[in-house]
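Asks:
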Amino acid sequence: MTTSDDVYTEPAGRIYERYSRYVNHRFARVVELIGFDKVFTRAEGAWLWDQGGRKYLDFLGGYSVFNVGRNHPRVKQALVDWLQREGASLVQMDCSPLAAVLGQKLAQLTPGALDTSFFTNSGSETTEVALKMARKSTRRPRILHAELSFHGLTFGALSVTDDRMWREGFEPLLPGTAVVPFNDLDALERELSGRDVAAFITEPIQGEAGVRIPADDYLPEAARLCHKYGSLLIVDEIQTGFGRTGRWFACDHWGVEPDIMLLSKALSGGYVPVGAVITRRAIFDKVFEDLAHAVVHTTTFGGNAMAMTAALAVIEVMEDEGLVENAASAGAMLTEGIGRLAPRFEMVKEVRGKGLMIGVEFGEPRSLKLKAGWKMVHKASQGLFGQMLAIPLMRDHGILTQVAGHNLDVHKLAPPLIIGQDEIDHFLRAYEKVLGDLHRFPGPLWDLGMTLMKNSISW
Ligand SMILES: Cc1ncc(COP(=O)(O)O)c(C=O)c1O
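Here this note's numbering is used: position 303 in the sequence shown is 303, and no number is missing along the way.
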């Protein structure tokens, strides 16, 4: 097998066997147990095709990466054009014209006076840079983060990520970090009032925590309190950014201007890893304080031409196709559609979201038989119930979804922002059927739960 052979034509079993042997056999086993062990050979827009030619509707979006859809022809063409011009990337002792234009574009799109970008290669790295910026620009030690936060898994990012599962075994983490309850301004003020806090970092809507949306005054007040006590507000828009919530940035829903904004995921349309830390010039200048510190933080691949080209093409596509507006209207249709189904299914507790970042929360049923099933499954594993939705959606209806985070009964939907009525109808028909099956106990989905329990799957 060489790189010139078409690795996608090998039998799926052999591909998974090789992956298990040389990459991550534990992950391969999980994927196999939940029946997601496909080999996807083609993708277009909101759709994927497997080796057998079966078509799947992508409501996972590569975890909020493919906002413009997969293989968008204009993003692809921009990258092909770049490759064909045999241009010079990563010269290092130059200033990239593409990075300059993307920086300018981001300054225009992001709220208020955010005007200076630092380009990275992933979400976690973006968090790292922001934490360093906060420490050095304020010369203060402490960093606050919200309960149930997720900001990535490298050491600094993990230090401000509040989930035991991710942290266990890797401690001690960065000193000086502390958790505050999300959506609790009094708790935030108590911590800030010591005037030793460099920054409070938060997602505007918590994604991994199950699409938790704060009260309308939370972010504006958090910004005001940070400024009152001389701390910075870092808003992580890595998941919520680039139109996902029906505005360019979730901050825009509340008119909030953070001191530092984090972007990654959808910024380059899924083709090339990329990230951006965007701040104000005054903060930037306290970190890159003079010529001797002009590159006091740097990264080899930051601002590389492919990433910048893809990001610029993505912004053009989003503007020309009105994808931010579509996220708002398609999101409203999808949320309303699920909301209409909800009263018939007692385990659906809440349907919430903004734009196309939607969480469907499930809770313990009242009827006795279902309650017994619910208890049994949750006793075995807190994360198992969500798979009883994701598996039949994938297996029986060809719809790719997943749960919001660990040990939560929240099913998360993050389709590309290009979806329309057809995809929404297709999803709602399938969802109605799966919810119906889930509310029959005993029934095939509870048998599936038993099988998962036997295989000790936890998610
Ligand atoms: C809000 C948020 N921040 C940071 C990250 C980390 O990004 P990455 O996986 O690219 O390191 C993620 C990833 O899911 C995220 O959702």
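C-beta atoms are modelled at their ideal positions from N, C-alpha and C, and glycine is treated no differently. Only a predicted model underlies this, so the values are computations on that prediction, with no experimental measurement involved.
Indicate the three-state DSSP secondary structure (helix, strand or coil) for Ala199 in the structure shown.
Replies: Taking the first residue of the sequence shown as 1, we reach residue 199 at position 199. The answer is strand: DSSP assigns Ala199 an E or B state.
Asks: Check this for me: beta carbons of Gly331 and Gly359, under 8 Å apart or not?
Replies: Translated into positions along the sequence shown, residue 331 becomes position 331. Translated into positions along the sequence shown, residue 359 becomes position 359. No, the Cβ-Cβ distance between Gly331 and Gly359 is not below 8 Å.
Asks: Buried or exposed: where does Asn121 fall if 16 or more other Cβ atoms within 10 Å of its Cβ makes it buried?
Replies: On the sequence shown, position 121 is the one that residue 121 refers to. Result: buried.
Asks: Can you name, in chain order, every residue of its own chain whose Cβ lies under 7 Å from the Cβ of Arg281, other than the five neighbours on each side?
Replies: Mapped onto the sequence shown, residue 281 falls at position 281. Taken in chain order, the residues that qualify are Asp115, Thr116.
Asks: Per DSSP, what kind of secondary structure is Tyr431 in: helix, strand or coil?
Replies: Residue numbering aside, residue 431 sits at position 431 when the sequence shown is read from its first letter. Looking at Tyr431 - three-state DSSP - the assignment turns out to be helix.
Asks: For Gly87, which residues from the same chain have a beta carbon less than 7 Å from its beta carbon, with the 5 sequence-adjacent residues on both sides left out?
Replies: Stepping through the sequence shown from its first residue, residue 87 is reached at position 87. Here the set comprises Ala305.
Asks: Within a Cβ cutoff of 8 Å, which residues of the same chain sit near Arg42, ignoring the five residues on either side of it in sequence?
Replies: On the sequence shown, position 42 is the one that residue 42 refers to. Taken in chain order, the residues that qualify are Leu48, Trp49.
Asks: Measure the C-alpha to C-alpha separation of Pro258 and Cys226 and round it to an integer number of angstroms.
Replies: Numbered from 1 along the sequence shown, position 258 holds the residue referred to as residue 258. Numbered from 1 along the sequence shown, position 226 holds the residue referred to as residue 226. Each residue's Cα considered, the two are about 10 Å apart.
Asks: Going by beta carbon distance, what residues of the same chain come within less than 6 Å of Leu174, once the five residues before and after it are set aside?
Replies: If you number the sequence shown from 1, residue 174 lands on position 174. The residues are Gly156, Ser159.
Asks: Can you tell me the Cβ-Cβ gap for Phe234 and Ile260, rounded? I've got them flagged as a contact below 8 Å.
Replies: Numbered from 1 along the sequence shown, position 234 holds the residue referred to as residue 234. Numbered from 1 along the sequence shown, position 260 holds the residue referred to as residue 260. It is Ile, not Phe, that sits at residue 234 in the sequence shown. Ile234 to Ile260, Cβ: 4 Å. Contact.
Asks: Please state the DSSP three-state secondary structure of Lys265.
Replies: Indexing the sequence shown from 1 puts residue 265 at position 265. Looking at Lys265 - three-state DSSP - the assignment turns out to be helix.
Asks: Per DSSP, which one or two residues make a beta bridge with Trp47?
Replies: Residue mapping note: residue 47 aligns to position 47 of the sequence shown, counting from 1. DSSP output for Trp47 lists Glu44, Leu57 as bridge partner(s).
Asks: Determine the direct distance from the alpha carbon of Glu125 to that of Gly443, and round the result to whole angstroms.
Replies: Locating residue 443 in the sequence shown gives position 443, where the first residue counts as 1. Locating residue 125 in the sequence shown gives position 125, where the first residue counts as 1. Using only the alpha carbons, I get a separation of about 45 Å.
Asks: In or out: Phe170 buried (at least 16 other Cβ within 10 Å) or exposed?
Replies: Translated into positions along the sequence shown, residue 170 becomes position 170. Answer is exposed; the Cβ neighbour count stays below 16.
Asks: Please state whether DSSP places His460 in a helix, a strand or coil.
Replies: Limits of the chain in this structure are 1 at one end and 459 at the other, which puts residue 460 out of reach.
Asks: Taking just the CA atoms, how far does Val377 sit from Ala307?
Replies: Position 307 of the sequence shown holds residue 307. Position 377 of the sequence shown holds residue 377. Looking at the two C-alpha atoms, the distance is approximately 44 Å.
Asks: Using a 10 Å radius around the Cβ and a threshold of 16 neighbouring Cβ atoms, would you call Ser367 buried or exposed?
Replies: As a first step, residue 367 must be located in the sequence shown, where it is residue number 367. So Ser367 ends up on the exposed side.
Asks: Using only the heavy atoms of ligand 1, determine whether one of them is closer than 7 Å to the beta carbon of Phe301.
Replies: Numbered from 1 along the sequence shown, position 301 holds the residue referred to as residue 301. Incorrect: Phe301 has no Cβ contact closer than 7 Å to ligand 1.
Asks: Given the structure, does Gly207 come close to ligand 1, in the sense that its CB is under 7 Å from one of the ligand's heavy atoms?
Replies: Against the sequence shown, residue 207 aligns to sequence position 207. Checking the Cβ of Gly207 against ligand 1 gives yes.
Asks: Pair every Cβ in the region 66 to 76 with every Cβ in the region 431 to 441, then say whether three or more of these pairs are closer than 8 Å.
Replies: No, the region 66 to 76 is not in contact with the region 431 to 441.
Asks: So, using beta-carbon positions, are Thr110 and Ile278 closer together than 8 Å?
Replies: What you label residue 110 is simply residue 110 of the sequence shown in a count that begins at 1. What you label residue 278 is simply residue 278 of the sequence shown in a count that begins at 1. Yes, Cβ-Cβ distance for Thr110 and Ile278 is below 8 Å.
Asks: Per DSSP, what kind of secondary structure is Arg164 in: helix, strand or coil?
Replies: Position 164 of the sequence shown holds residue 164. Note: Arg164 maps to helix in three-state DSSP.
Asks: Assign Met388 to one of three DSSP states: helix, strand, or coil.
Replies: Looking up residue 388 in the sequence shown gives position 388. Helix, per DSSP.
Asks: So, at 7 Å on beta carbons, what are the nonlocal neighbours of Ala46 in its own chain, with the 5 sequence-adjacent residues on each side left out?
Replies: On the sequence shown, position 46 is the one that residue 46 refers to. So the qualifying residues of the chain are Leu57, Asp58, Gly69, Pro415, Pro416, Ile418, Ile419, Glu423.
Asks: Looking at the C-beta of Thr240, does it have a partner C-beta in chain C at a distance below 8 Å?
Replies: Among the protein chains of the structure shown there is no chain C, as only one such chain exists.
Asks: How would you call Arg142, buried or exposed, if buried means at least 16 neighbouring beta carbons within 10 angstroms?
Replies: Against the sequence shown, residue 142 aligns to sequence position 142. The residue is buried, with at least 16 neighbouring Cβ atoms inside 10 Å.
Asks: Give, in chain order, every unbroken run of the alpha helix (DSSP H) that is at least 4 residues long and sits entirely within the region 111 to 158.
Replies: Those alpha helix (DSSP H) runs which fall completely within the region 111 to 158 and span 4+ residues are 123 to 138.
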